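Q: Respectively, the protein sequence lines represent chains C and B.
First residue of the first sequence: 1, per the working numbering; consecutive thereafter.
First residue of the second sequence: 1, per the working numbering; consecutive thereafter.
Before anything else, here's the structure in question.
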Amino acid sequence: MPADTTTFYLAFTAVFAGIGLYLLRVDRGLQQIEQRLEDLEGSRREEA
Amino acid sequence: MDWWRPVKAATLARIRRTTLWASVVSLMALAYMTWFVAPDWSYQPDVTAPLTRKILFYHPASAWTSFAAYFVVFGASVAYLNEKKLGYDRPARAAAEVGFLFNTIALVTGTLWGIQEWSRTGQNSLATVYTEPKVLIVVVMWFTFAAYLSLRRFIDSPERRARLAAAFGVLGFAFVPLSFATSRLLATSLHPDIAGPGANPDAAVGQATGIVLGWSLVAFLLLFFHLWLQRLRALDLDERLAALES
């Protein structure tokens, strides 16, 4: 059985690291899609 | 037609920004409250793992938030199965993705807590945790939503994908009431219930604990709402991108 302190800090790190990484991933994914959409719409406008 | 279309894009962007800051600030406040507002159980001789008990401010809130997310999946899935409109598939998918995150957090924190609190000499502590009825049901629910998210990648037809996903969404949500009932009805359950009908009186929380616990639920629900809106926006733009590229 791990020590009381180890258990708590593992859980605390898992919660905040998990949330932080997911927030970054979602935000970065959204930014990439927005950029790609902007580029594509821009090139379509130029073509027109 | 998506149900959120009448809301202006600028308003949605403002809501996303506000919920981001609100959830970040409330999570920071939760971390502070864990140390400085919640009771210090190390002074109680009957509490064997006082610091581990503070997982109480993360485990139930993440589990309840995942249940709320799966309720959104259930509602949107039923709406899709009734009306066959693809506009209902996206909110269901976004809620399933974010709910899966909270479900995973609940499982990880619950496993660590269970190993500490339920392990007895001579027993495999991990086996004790994963043979507990409520934990088993939540693990099956986790696998159902893992299948929900994985299967979507292998089906090309949007209608077939949405139909199968909706069926998995309804099935997955069925484990939520089951998990609530299990620990309340089964005498062999090790899992204490701190709230709702049939809650264990030994697990009742005091006022300070209740405040931090309530705060943790608000913080996690705010975060869920923000992430759900972000994923909805990404899925919406993805569809526009696919239409432009085709």
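Just so you know, even glycine gets a beta-carbon here, dropped at the ideal spot from N, CA and C.
Nothing here was measured: the structure is a model prediction, and the numbers come from that model.
How many Å lie between residue 213(B) and residue 31(B) at the Cα?
A: Here residue 213(B) refers to the residue found at position 213 when the second sequence is read from its first residue. Here residue 31(B) refers to the residue found at position 31 when the second sequence is read from its first residue. Answer to the nearest angstrom: the Cα atoms are 12 Å apart.
Q: Which of the three DSSP states is assigned to residue 34(B) in this structure?
A: Counting from 1 along the second sequence, the entry for residue 34(B) is found at position 34. In this structure, residue 34(B) counts as helix in the three-state DSSP scheme.
Q: Give me the Cβ distance between residue 94(B) and residue 241(B), rounded to the nearest whole Å; I'm assuming they're in contact under 8 Å.
A: As a first step, residue 94(B) is located in the second sequence; it is residue number 94 there, counting from the start. As a first step, residue 241(B) is located in the second sequence; it is residue number 241 there, counting from the start. Rounded, the Cβ-Cβ distance is 17 Å, inconsistent with contact.
Q: Apart from the five residues on each side of it in sequence, which residues of its chain come closer than 8 Å, Cβ to Cβ, to residue 49(B)?
A: Counting from 1 along the second sequence, the entry for residue 49(B) is found at position 49. Excluding residues within five positions, the ones whose Cβ falls inside 8 Å are 116, 117.
Q: In three-state DSSP terms, what is residue 49(B)?
A: The residue labelled residue 49(B) in the question sits at position 49 within the second sequence. The answer is coil: DSSP assigns residue 49(B) none of H, G, I, E or B.
Q: Residue 89(B) CB to nearest chain C CB: under 8 Å?
A: Translated into positions along the second sequence, residue 89(B) becomes position 89. Residue 89(B) does not count as touching chain C.
Q: Would you decide whether residue 103(B) is buried or exposed? Buried here means 16 or more other CB atoms lie within 10 Å of its CB.
A: Within the second sequence, residue 103(B) is the residue found at index 103, counting from 1. Classification of residue 103(B): buried, given that the 10 Å Cβ count is 16 or more.
Q: Go ahead and pull the three-state DSSP assignment for residue 103(B).
A: For the purposes of this step, residue 103(B) is taken as the residue at position 103 of the second sequence. Helix.
Q: Give every residue of the same chain whose Cβ lies closer than 7 Å to the Cβ of residue 74(B), excluding the five residues on either side of it in the sequence, and list them in chain order.
A: For this step, residue 74(B) is matched to residue 74 along the second sequence. Counting only Cβ-Cβ distances below 7 Å, and skipping sequence neighbours, we find 169, 170, 173.
Q: Hey, residue 127(B) and residue 98(B): beta-carbon distance below 8 Å or not?
A: The residue given as residue 127(B) occupies position 127 in the second sequence. The residue given as residue 98(B) occupies position 98 in the second sequence. No, these two residues do not count as a Cβ contact at 8 Å.
Q: Between the alpha carbons of residue 6(C) and residue 12(C), how many angstroms are there, rounded?
A: Within the first sequence, numbered from 1, the residue matching residue 6(C) stands at position 6. Within the first sequence, numbered from 1, the residue matching residue 12(C) stands at position 12. In a straight line, the C-alpha of residue 6(C) is about 10 Å away from that of residue 12(C).
Q: Cβ of residue 37(B) within 8 Å of Cβ of residue 208(B)?
A: For this step, residue 37(B) is matched to residue 37 along the second sequence. For this step, residue 208(B) is matched to residue 208 along the second sequence. Taking 8 Å as the Cβ cut-off, residue 37(B) and residue 208(B) qualify as a contacting pair.
Q: Which bits of chain C does residue 112(B) rub up against, with CB to CB less than 7 Å?
A: Numbered from its first residue, the second sequence carries residue 112(B) at position 112. Those within 7 Å of residue 112(B) in chain C are 7, 10, 11.
Q: Go ahead and pull the three-state DSSP assignment for residue 14(C).
A: Translated into the one-based positions of the first sequence, residue 14(C) becomes position 14. Looking at residue 14(C) - three-state DSSP - the assignment turns out to be helix.
Q: In whole angstroms, what separates the C-alpha of residue 67(B) from that of residue 220(B)?
A: Along the second sequence, read from residue 1 onward, the residue named residue 67(B) stands at position 67. Along the second sequence, read from residue 1 onward, the residue named residue 220(B) stands at position 220. Taking the straight line from one Cα to the other gives about 12 Å.
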